[in-house]
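**Q** Following this message is one structure expressed as structure tokens.
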Amino acid sequence: GAPEGDELLAGLNPEQREAVVYRGQALLIVAGAGSGKTRVLTHRIAGLIKSGEAWPSQILAITFTNKAAAEMRERVGHLLGQVAEGMWISTFHSACVRILRREAENFGFTKSFTIYDSADSRALVKRIIKDLQADTFGFTVSQVTAKISKLKNELADADSYARTANFNDPQEAMFVECFRAYSRALREANAFDFDDLISQTVFLFRAFPQVAEKYQRRFRHILVDEYQDTNHAQYSLIRELTKAPESNELSGLASFGGGGASLTVVGDSDQSIYAFRGADIRNIVEFERDFPGARVVLLEQNYRSTQNILSAANAVISNNFDRKDKKLWTAVGDGEKIIGFTGYSGHDEAQFVADEIAKLHEGGMAYNDIAVFYRTNSQTRALEEIFIRSALPYRVLGGTKFYERAEIKDAMAYLSAVANPFDGLALRRILNTPKRGIGPATETALAGFAERNEISYREAMRRAKELSLGPKVTGAILQLAGLLDEASELVDPSRVGGEAPVSEVLQVLMERSAYVATLRASRDPQDEARAENVEELLAVTKEFNRNNPDGTLLDFLTEVSLVAAVDDLDDSSGTVSLMTLHTAKGLEYDAVFLTGVEEDLLPHRMSAGEPGGPAEERRLFYVGITRARKRLFISLAMTRAQFGETAVAMPSRYLQEIPAELVEWIQSPGMASRGGSETRALNGSRGGSYGGVSYGSRSGSGSSSGSGSPRFGADGGYGLPPGPPRPKTEWANRVTGQVRDNGDLTLVPGDRIKHADFGEGRVNQVTGEGAKRVAHVTFEAVGAKKLLIKIAPIEKL
Ligand code: ATP
Ligand code: MG
Numbered sequence: 023g024a025p026e027g028d029e030l031l032a033g034l035n036p037e038q039r040e041a042v043v044y045r046g047q048a049l050l051i052v053a054g055a056g057s058g059k060t061r062v063l064t065h066r067i068a069g070l071i072k073s074g075e076a077w078p079s080q081i082l083a084i085t086f087t088n089k090a091a092a093e094m095r096e097r098v099g100h101l102l103g104q105v106a107e108g109m110w111i112s113t114f115h116s117a118c119v120r121i122l123r124r125e126a127e128n129f130g131f132t133k134s135f136t137i138y139d140s141a142d143s144r145a146l147v148k149r150i151i152k153d154l155q156a157d158t159f160g161f162t163v164s165q166v167t168a169k170i171s172k173l174k175n176e177l178a179d180a181d182s183y184a185r186t187a188n189f190n191d192p193q194e195a196m197f198v199e200c201f202r203a204y205s206r207a208l209r210e211a212n213a214f215d216f217d218d219l220i221s222q223t224v225f226l227f228r229a230f231p232q233v234a235e236k237y238q239r240r241f242r243h244i245l246v247d248e249y250q251d252t253n254h255a256q257y258s259l260i261r262e263l264t265k266a267p268e269s270n271e272l273s274g275l276a277s278f279g280g281g282g283a284s285l286t287v288v289g290d291s292d293q294s295i296y297a298f299r300g301a302d303i304r305n306i307v308e309f310e311r312d313f314p315g316a317r318v319v320l321l322e323q324n325y326r327s328t329q330n331i332l333s334a335a336n337a338v339i340s341n342n343f344d345r346k347d348k349k350l351w352t353a354v355g356d357g358e359k360i361i362g363f364t365g366y367s368g369h370d371e372a373q374f375v376a377d378e379i380a381k382l383h384e385g386g387m388a389y390n391d392i393a394v395f396y397r398t399n400s401q402t403r404a405l406e407e408i409f410i411r412s413a414l415p416y417r418v419l420g421g422t423k424f425y426e427r428a429e430i431k432d433a434m435a436y437l438s439a440v441a442n443p444f445d446g447l448a449l450r451r452i453l454n455t456p457k458r459g460i461g462p463a464t465e466t467a468l469a470g471f472a473e474r475n476e477i478s479y480r481e482a483m484r485r486a487k488e489l490s491l492g493p494k495v496t497g498a499i500l501q502l503a504g505l506l507d508e509a510s511e512l513v514d515p516s517r518v519g520g521e522a523p524v525s526e527v528l529q530v531l532m533e534r535s536a537y538v539a540t541l542r543a544s545r546d547p548q549d550e551a552r553a554e555n556v557e558e559l560l561a562v563t564k565e566f567n568r569n570n571p572d573g574t575l576l577d578f579l580t581e582v583s584l585v586a587a588v589d590d591l592d593d594s595s596g597t598v599s600l601m602t603l604h605t606a607k608g609l610e611y612d613a614v615f616l617t618g619v620e621e622d623l624l625p626h627r628m629s630a631g632e633p634g635g636p637a638e639e640r641r642l643f644y645v646g647i648t649r650a651r652k653r654l655f656i657s658l659a660m661t662r663a664q665f666g667e668t669a670v671a672m673p674s675r676y677l678q679e680i681p682a683e684l685v686e687w688i689q690s691p692g693m694a695s696r697g698g699s700e701t702r703a704l705n706g707s708r709g710g711s712y713g714g715v716s717y718g719s720r721s722g723s724g725s726s727s728g729s730g731s732p733r734f735g736a737d738g739g740y741g742l743p744p745g746p747p748r749p750k751t752e753w754a755n756r757v758t759g760q761v762r763d764n765g766d767l768t769l770v771p772g773d774r775i776k777h778a779d780f781g782e783g784r785v786n787q788v789t790g791e792g793a794k795r796v797a798h799v800t801f802e803a804v805g806a807k808k809l810l811i812k813i814a815p816i817e818k819l
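If you want it as structure tokens, here you go:
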């Protein structure tokens, strides 16, 4: 019988209950989006504690973001009626940092190690490429960082990789050198990069069984959310933690549950969107083989979305073959139709989004129940411009991240340098910031001196006199070293009165280094904004001190380095949330805008060459759709500005996978009447007339029967008056039975052409090359247009 109180099981369906009360060794919950997977995990944790089967400290729950962790902790507390102290609910990274800080000294690091974020890793790789002249081999920072990251996620290190590398291949030999140099630099800096946090914990457990055992004994119940996105290193970590402790002392605990901890994982292979970071869907598919005797629970009722939204999601994902079909249903009812919109440009699309949000808000929906998703960060610019103009309160999650700003990285580098005297990257960053007349040659001399004498970079600075540099430079170095030493004393745990608060340390550093004063004195207006950002960071440290009265500098650095994009989220703030589709995972909103549903964006251009790329992009689209509770808006544009160029855009192939009857297509504003009203549309004045114009009928568009509506695809996707989505060329050609390829058509400025829809016009300019040649044409009837020559329905006159 279930020992849980009724409150824990009330409001759960029978399958969910089964998952909450199951008490075997391994449990897998596989289910589609919104079926209550995360909710079941939460109730399960509360049930284990409430029934007295587990102490809070015996629970380790892994979530995908710190924000999700905080939410889960709060809900468990709510279910229990009290805060359960000592529970570990955190991300993989946070859990590993905690373990590593405790155990670092076991394997040659100190507990004050620095965590390098991706920008730090890139900076380091950049320096290594330069030092080793690896750029002559065509190496780029992105390639090298990505490859190292991938290897680490597979638990390879520089040495193990070198053992299998082919040294006859000069490129590979050079890569091994880079990997080695990178690993050495991290170790010398007493630093871990993001991937290390997981892999080093696994290595630690394997190398020191008695350390592993400590955690195997401690955690009796391990629960993992979003299991479909675990990579090999994370999977291995789970395997290490769930092993039965080897020795038999304390066997009272060890015998609990047959030895190893009980493991519950929940996931949805249709939502696996991190393959590019090494996430391995096989972890979920092969769970039953890895954990024999595992119970599998399926959840089929979706509690989040309306039937229309769910049907669209089901239809889209069913196009991925090689998956188990899941039948998700909802009792919520059909709800409203999905709204589709085709704008002329990204701005036009953004205007549509802003207008619809204003309407929803007038209708009583709170701003923080609304989200706008996009595939790439560059799409935010147009949205932000329009939102600012429309005075819509919004917030970009993970966009230009506060902590990625140069001035914030500078200030953080001061703090890191105080906490970790070996952190050469941080010390080099601040050595001449603000300017102290310390040049690159001095920097190199210091680094060399530290290396030769096997001392920390900070110690090398203290001994600057031995380097026979000029008196002014020596003085500047000694002064900085003095400041850092003084700040270090502030955070010495043995200090009378305990460690000083982080805010005080930062204040001392910023004042005495004259960092803020220098910014304030500058004539560059941006420096004023930078100074304000540093002040903002100071406010962050104060808040940290308020929330964590015992929080140390190290705690603060850890917290900051682990903030994920989504963690900026603050539900109470009454703002619309803008974020990438990747960030949206696990979240839900009353209304969702899916923007830029175009070829090259979704699926993203980069995915085309990847095996399984388009299928992964489809899952991303599926994740986006399934975030919506009540309203879903899907939009695209005919032209899209990217990388400083405006290019024609094609509707995403995924659009035709949504059954036509679920979507109400709204005509693009100002384009309802063809010819002339273009300017009005682009000025954003739409007169509210578009509302009733429906393109609901797309008969034949989903099949290749050839009976497609005549306006649909007639020109293969570009240059048509907007309305229903215009499909990609090949597909359009299949529908219309007509193959168009103007690839050979040569056009030069001055040529006159005739377009099937726009009539006659004059070519002003031709840009791009090959299949991407674009003609800039002024039409007599409709004004300026850009046409992709290869597929536009044009002829030369
Ligand atoms: P995703 O795959 O997107 O992570 P999920 O399977 O984790 O989704 P949850 O977020 O746990 O789903 O639940 C989706 C929504 O449905 C939440 O708002 C949750 O509170 C609600 N919900 C889940 N189960 C029930 C239930 N039995 N009764 C009422 N509401 C429920
Ligand atoms: Mg979930």
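In full-length UniProt numbering, the protein residues as written are 23 to 819. Note that beta-carbon positions come from the ideal geometry of N, C-alpha and C, so glycine has one too.
(1) Please tell me whether Ser580 and Val147 are closer than 8 Å, where the distance is taken between their beta carbons.
(2) Compute the distance between the beta-carbons of Leu263 and Phe241, then report whether it is under 8 Å.
(3) Do Ala433 and Leu528 have their C-beta atoms within less than 8 Å of each other?
(4) Spatial neighbours of Glu40 within its chain, please: CB distance less than 7 Å, with the 5 preceding and 5 following residues excluded, ordered by chain position.
(5) Buried or exposed: which applies to Arg627, given that a residue is buried once 16 or more other Cβ atoms fall within 10 Å of its Cβ?
(6) When you compare only the Cα positions, how much space is there between Asp773 and Arg299?
(7) Find the nearest neighbour of Val62 within the set Leu30, Ala92, Ala91 and Ala76, judged by alpha-carbon distance.
(8) Measure from the C-beta of Ile816 to each C-beta in chain D and report whether the shortest distance is under 8 Å.
(9) Which runs of the alpha helix (DSSP H), 4 residues or longer, sit entirely within the segment 451 to 533?
(10) What residue does the beta strand (DSSP E) around Gln104 start on, and which one ends it?
(11) How is His626 classed by DSSP in three states: helix, strand or coil?
(12) Could you spell out where the alpha helix (DSSP H) holding Asp302 opens and where it closes?
(13) Taking DSSP as the reference, what is the three-state secondary structure of Glu96?
(14) Is any non-hydrogen atom of the ligand ATP found closer than 7 Å to the C-beta of Gly355, if you look at the structure I gave you?
(15) List, from N- to C-terminal side, the alpha helix (DSSP H) runs of 4 residues or more that fit wholly inside the segment 145 to 233.
(16) Between which two residues does the beta strand (DSSP E) holding Tyr396 run?
(17) Which of helix, strand or coil does DSSP assign to Asp612?
(18) Tell me, please, whether the segment 610 to 622 touches the segment 647 to 665 by the rule of three or more beta-carbon pairs shorter than 8 Å.
(19) In chain order, what are the residue ranges of uninterrupted beta strand (DSSP E) at least 3 long that sit wholly in the segment 338 to 401?
(20) In three-state DSSP terms, what is Arg311?
(21) Hey, quick one: how far does the alpha helix (DSSP H) through His777 stretch, first residue to last?
(22) Using only the alpha-carbon positions, how far apart do Ser284 and Asn342 sit?
(23) Give me every residue whose Cβ sits closer than 7 Å to any heavy atom of the ligand MG, in chain order.
(24) Take Val582 as the anchor and find which of His604, Leu559, Glu465 and Pro571 has the nearest alpha-carbon.
(25) Which whole-angstrom value is the C-beta distance of Ala509 and Val440, which I expect to be below 8 Å?
(26) Using only alpha-carbon positions, find the residue among Arg552, Arg545, Glu526 and Gln548 that is nearest to Val538.
(27) When every heavy atom of the ligand ATP is checked, does at least one fall within less than 7 Å of the C-beta of Thr252?
(28) Use the C-beta contact count for Ser490: other C-beta atoms within 10 angstroms, 16 or more gives buried, fewer gives exposed.
(29) Any chance the CB of Gly69 is under 7 Å from a heavy atom of the ligand ATP?
(30) Using the rule of at least 16 other Cβ atoms within 10 Å of the residue's Cβ for burial, across every protein chain shown, is Gln38 buried or exposed?
(31) Taking the alpha carbon of Thr85 as the reference point, which residue from Glu358, His115 and Leu658 has its own alpha carbon closest?
(32) Just to confirm my understanding: we take Glu194, look at its own chain, exclude 5 residues before and 5 after, and list those with CB closer than 6 Å. What are they?
(33) Please name the residue in Ile71, Phe230, Asn336 and Gln238 whose C-alpha comes closest to that of His100.
**A** According to the data block:
(1) Sequence inspection shows Thr at residue 580; the Ser mentioned does not correspond to that position. Going by C-beta atoms, Thr580 is not nearer than 8 Å to Val147.
(2) yes
(3) yes
(4) Val319
(5) exposed
(6) 49 Å
(7) Leu30
(8) Looking at the structure shown, chain D is missing, and only one protein chain is on hand.
(9) 462 to 474, 479 to 484 and 493 to 512
(10) No beta strand (DSSP E) contains Gln104, which DSSP labels as neither H nor E.
(11) strand
(12) Counting along the chain, Asp302 falls outside any alpha helix (DSSP H), and DSSP gives it neither H nor E.
(13) helix
(14) no
(15) 163 to 175, 180 to 186, 192 to 210 and 216 to 229
(16) Ile392 to Tyr396
(17) strand
(18) yes
(19) 360 to 365 and 392 to 396
(20) helix
(21) Element bounds for His777: not the alpha helix (DSSP H) but the beta strand (DSSP E), Arg774 to His777.
(22) 33 Å
(23) Lys59, Thr60, Asp247, Glu248 and Gly608
(24) Leu559
(25) 4 Å
(26) Arg552
(27) no
(28) exposed
(29) no
(30) buried
(31) His115
(32) Ala187 and Asn188
(33) Ile71
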